[in-house]
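Protein chains in written order, with the working numbering: chain A, 8 to 341; chain B, 56 to 195. Backbone N, C-alpha and C fix where the C-beta goes; we use that ideal spot for every residue, glycine too. These figures come from a predicted structure and were not determined experimentally. These notes are about the structure you will find just below.
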Amino acid sequence: MAKIEFEHRQAGHCESGVTSNLLHHHKFDISEPMAFGIGAGLFFSYLPFLKMQHAPTTSFRVWPGQVFERATKQLGIKTQVHKFRNPKDSMDKLNEVLDQGIPVGLQVGTFHLPFFPPEYRMHYNMHNMVVYGHENGIYFISDTLMDRLVEITYDDLVRVRYAKGVFAPEGRMYYPTYVPKNIDLRPGIIKGIRKTANNMVGVPFPLIGVKGIRYLAKSMRKWEKKLGPEKASYYLGQVLRMEEEVGTAGAGFRFIYGAFLNEAADVLKQEWLRELSFEMGENANKWREFSYKGSRNCKKRGKPEESYDYLADMLLVCADNEQKIFKKLATIKG
Amino acid sequence: MGKTEQTPPEGAPQEEKYYTYNREIFYHFDKEKGYTRANDYQNSSNQVIIKQSWDAADERLQEVRQRVLAGIQSPVAFFMEKRLLEVPMLAAYMEIGAWRVRRHLKPGVFKKLSQPTLKKYADIFGITVEQLTSLDFIKN
């Protein structure tokens with residue numbers, strides 16, 4: 008079998024998109040936002056002591072792999088996840104599963120992905136894509152970031168599956184093995200919302216959730232004085248890149264999450280969720296405004312156009328919005 | 056969800072886009088229209104921040120180049136930066152301790168490296184051993 012019939016649908020977030028597309032292949036329709044929400048993908052953390060590309064790490068989502076695993080588990084879908092020490096074993100297993108006609112999700116590093124947009128080819132190990140066939144050492148790929156279907160050679164695929172460093176994929180591959188006929192989304196939605204609400208307002212640790220946003224705002228005020236204008240703008244740029252760059256669908260996943268709440272309101276028939284989904288949308292627009300304004304400070308050799316205090320104040324508004332939204336969401340009942 | 060044109064908020068910079076290799080999916084929210092998805096290039100303000108990180112990488116590379124040519128650091132430091140690697144990741148690819156990679160950044164230690172070690176570095180960097188050891192390659 009060369010190519011499995013597989014519908015390529017672009018998505019905002021790679022892992023939620025892969026989850027949605029793999030399940031669509033198994034005749035279960037679930038949107039990208041729904042997969043993201045049930046998988047409790049939304050998050051915030053600011054880890055100043057952990058440097059990535061020479062700047063503190065900011066994250067707007069949970070660890071890789073969690074969205075697929077949580078979403079499928081909540082919906083009673085059985086899955087198989089493999090990791091391999093030996094690259095040859097992992098490729099043999101991949102071929103075996105593909106030859107059974109099952110498309111496979113892969114975690115890969117992006118630096119050596121030949122079809123990837125050049126501007127994103129950094130050492131980022133948390134990318135996800137689907138393989139939907141192979142022929143004569145060429146693998147057929149549906150990557151939700153790409154506006155077209157792509158291909159990769161055996162050697163390149165081994166390389167990206169065995170990229171090293173933080174969150175090294177170690178050949179991780181995954182696919183659904185059993186999808187029940189009638190799936191009730193409701194329990195999964197409620198559990199997913201509770202989990203995310205807890206992550207955002209229930210963790211008593213200053214760098215996580217809403218507290219983390221406030222901590223970032225506080226640190227940001229000191230950047231220019233402490234680091235000088237150039238490094239301050241680089242640190243700011245790093246926050247914005249994590250918020251807006253590849254695989255967030257914009258504004259640090261806040262749009263996707265709002266779209267999820269909107270769908271959840273329909274499924275659960277709870278109109279108050281629609282109000283919160285609109286509040287989340289307004290909040291996402293605020294984040295996007297923050298990145299528009301912030302990016303003015305990131306032009307080469309440019310003097311800061313917006314003061315860091317002003318930007319930090321914008322973050323505090325977002326933190327307040329999210330505190331309000333998630334405190335309400337935490338009270339959700341089935 | 057229907058398709059809409061992406062309209063940047065007021066005051067968004069409207070400069071030339073540097074990166075137009077691929078269109079991505081973006082979500083939008085508007086009180087009237089609700090949630091929509093659109094397929095577009097990164098908007099120009101996002102392109103500014105992407106460019107910033109490449110400019111910074113380029114700047115770091117020029118600094119390392121000077122240090123290597125001045126004999127302060129070994130060529131490993133240059134190619135590590137050129138491939139956007141950092142010590143822990145390079146050590147993972149080399150399958151040796153990070154402290155050993157850090158030692159190999161010193162020109163004196165680098166000169167005494169065995170052929171197999173040089174070959175392994177060269178393979179990771181995607182170059183030949185000659186290119187790794189000759190400074191001519193770094194000058195350009």
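Quiz item: Mind pulling the beta strand (DSSP E) runs of 3 or more residues that sit fully within the stretch 70-155 of chain A?
Solution: 85-89, 111-115, 134-142, 145-149
Practice problem: With DSSP collapsed to three states, give me the class of A266(A). | Solution: Taken through DSSP and simplified to helix, strand or coil, A266(A) comes out as helix.
Practice problem: Look up V186(A) in the DSSP assignment and give the residues it is bridged to. | Solution: Beta-bridge pairing links V186(A) to no other residue.
Exercise. State the CB to CB distance for the pair V157(A) and F122(A), rounded to an integer number of angstroms; the pair is presumed to be in contact (CB under 8 Å).
Key: 4 Å
Quiz item: Using a C-beta cutoff of 9 Å, does P64(B) count as contacting chain A?
Solution: A caution first: P64(B) carries a pLDDT of 49, below 50, which makes its placement in the model unreliable, though a value can still be read off. Yes, because at least one Cβ of chain A sits closer than 9 Å to the Cβ of P64(B).
Quiz item: When burial is assigned at 16 or more other CB atoms within 10 Å of the CB, is A9(A) buried or exposed?
Solution: So A9(A) ends up on the exposed side.
Quiz item: Relative to the C-alpha of D95(B), which residue among L152(A), E313(A), G216(A) is closest?
Solution: L152(A)
Quiz prompt | Listed by chain order, chain B residues near D154(A) by CB distance under 7 Å | solution = Those are N77, R78, N94, listed as they occur along chain B.
Exercise. Identify, in the order they occur along the chain, each residue of the same chain with its Cβ nearer than 8 Å to the Cβ of E60(B), setting aside the five sequence neighbours on each side.
Key: Unreliable positioning characterises E60(B) in this predicted model, as indicated by a pLDDT of 41, which lies under 50. The coordinate reading is nonetheless provided below. The answer, listed in chain order, is A93.
Quiz item: Going along the chain, which residues of its own chain have a beta-carbon closer than 7 Å to the beta-carbon of I196(A), five neighbours each way excluded?
Solution: G44, I45, A271, V274, L275
Quiz prompt | CB contact below 9 Å: R138(B) versus chain A | solution = yes
Quiz item: Going along chain B, which residues have a C-beta under 8 Å from G19(A)?
Solution: Within chain B, E79, I80, F81, Y82, R92 have C-beta atoms less than 8 Å from the C-beta of G19(A), given in sequence order.
Self-check item: Environment of P171(B) [buried if 16+ CB atoms lie within 10 Å]
Solution: exposed
Quiz item: Would you report the Cα separation of K306(A) and P55(A), rounded to the nearest angstrom?
Solution: 23 Å
Quiz item: Which chain A residues sit within Cβ distance under 7 Å of A111(B)?
Solution: Within chain A, the residues near A111(B) are Y241.
Exercise. Taking N135(A) and Q114(A) to be in contact with their CB atoms under 8 Å, please state how far apart those CB atoms are, rounded to whole angstroms.
Key: 6 Å
Exercise. Quick one: residues in its chain with C-beta nearer than 8 Å to the C-beta of G152(B), no 5 flanking neighbours on either side, listed in chain order?
Key: A146
Quiz prompt | 9 Å Cβ cutoff, V137(A) in contact with chain B | solution = no
Practice problem: Give every residue of the same chain whose Cβ lies closer than 6 Å to the Cβ of P110(A), excluding the five residues on either side of it in the sequence, and list them in chain order. | Solution: I11, F13, H32, V137, Y139
Quiz item: Alpha carbon to alpha carbon, how far is T62(B) from R122(B)?
Solution: Per-residue confidence for T62(B) stands at a pLDDT of 48, beneath the threshold of 50, marking its modelled position as unreliable; the derived number appears in the next sentence. If I take the Cα positions, the gap works out to 46 Å.
Quiz item: Whose Cβ in chain A lies nearer than 7 Å to the Cβ of I151(B)?
Solution: Chain order gives no chain A residues near I151(B), where near means a beta carbon separation below 7 Å; the closest approach is about 12 Å.
Exercise. Kindly indicate if chain A contains any beta-carbon less than 9 Å away from that of D178(B).
Key: Not closer than 9 Å to any Cβ of chain A, the Cβ of D178(B) fails to qualify, so no.
Quiz item: Quick one: does F333(A) have its CB under 9 Å from some CB of chain B?
Solution: no
Exercise. Taking C-beta pairs closer than 7 Å, name the residues in chain A that M144(B) reaches, listed in chain order.
Key: H130, K171, G172
Quiz item: Taking C-alpha atoms, which residue in A18(A), S314(A), K300(A), G259(A) lies nearest to M287(A)?
Solution: Closest option to M287(A), judged by alpha-carbon separation, among A18(A), S314(A), K300(A), G259(A): G259(A).
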